[in-house]
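Participant: Starting off with a structure, shown below.
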Amino acid sequence: EETTQVNKETTTTVVARETESQRPTASIVIGDGSGLVQIEFKGVGTASEAADILYSAGIIEDKLAFYTYMDISGYAVRIRDGEYSLKPGDSYETIARTITQSD
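Numbering of the sequence shown is given in our numbering, commencing with residue 196 and proceeding in unit increments.
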């Protein structure tokens with residue numbers, strides 16, 4: 196995990212985990228004043244990786260509960276690369292729909 200102080204209000208964190216087939220990363224921007232956290236997923240293919248990143252960003256408080264929700268609800272295999280705006284405390288359904296770009 197690498198943290199860079201951009202200015203007094205914004206912190207960018209890059210989280211990388213190496214797997215056999217890819218290196219998923221996420222850029223996280225916190226503290227723009229809106230209460231939203233900007234997250235960009237690249238190569239994040241599993242609910243476990245997404246849960247780790249969302250937990251690190253302060254979006255979720257329980258990685259296992261989020262992973263379980265993703266798995267049971269059928270979202271676990273539909274995570275998409277992209278830029279997302281999430282708020283700490285968002286429901287698991289809201290987060291899942293956002294990171295899978297589901298309606």
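Ideal placement from N, C-alpha and C gives every residue a C-beta, glycine not left out.
Terminal residues of the continuous beta strand (DSSP E) containing Leu-281?
Facilitator: It spans 277 to 281 - the beta strand (DSSP E) in which Leu-281 sits, taken as one unbroken run.
Participant: Could you tell me the alpha carbon to alpha carbon distance between Lys-258 and Gln-233, rounded to whole angstroms?
Facilitator: Cα-Cα distance, rounded: 19 Å.
Participant: Check whether the region 239 to 252 and the region 271 to 280 touch, using three or more Cβ-Cβ pairs below 8 Å as the test.
Facilitator: Cβ pair count under 8 Å is three or more, so yes.
Participant: Let me make sure I understand the geometry here. Which of Ser-280, Tyr-287, Gly-230 has the alpha-carbon closest to that of Phe-236?
Facilitator: Among Ser-280, Tyr-287, Gly-230, the Cα nearest to that of Phe-236 is on Ser-280.
Participant: Along the chain, where does the alpha helix (DSSP H) containing Ile-248 start, and where does it finish?
Facilitator: Here the alpha helix (DSSP H) through Ile-248 covers 242 to 251.
Participant: Assuming Ile-294 and Ala-246 make a contact with CB atoms under 8 Å, what is their CB distance in whole Å?
Facilitator: Not quite, the Cβ-Cβ distance comes to about 10 Å (not below 8 Å), so this is no contact.
Participant: Let's see if you can read the secondary structure: which residues bound the beta strand (DSSP E) around Ile-294?
Facilitator: Ile-294 -> not in any beta strand (DSSP E); alpha helix (DSSP H) instead, spanning 287 to 294.
Participant: By a C-beta neighbour count over all protein chains shown, 10 Å radius and 16 as the cutoff for buried, is Ile-267 buried or exposed?
Facilitator: Exposed, since its Cβ has fewer than 16 Cβ neighbours within 10 Å.
Participant: Out of Glu-288, Ala-252, Leu-231, Gln-296, state which residue places its alpha-carbon closest to the alpha-carbon of Tyr-264.
Facilitator: Of Glu-288, Ala-252, Leu-231, Gln-296, the residue nearest in Cα terms is Glu-288.
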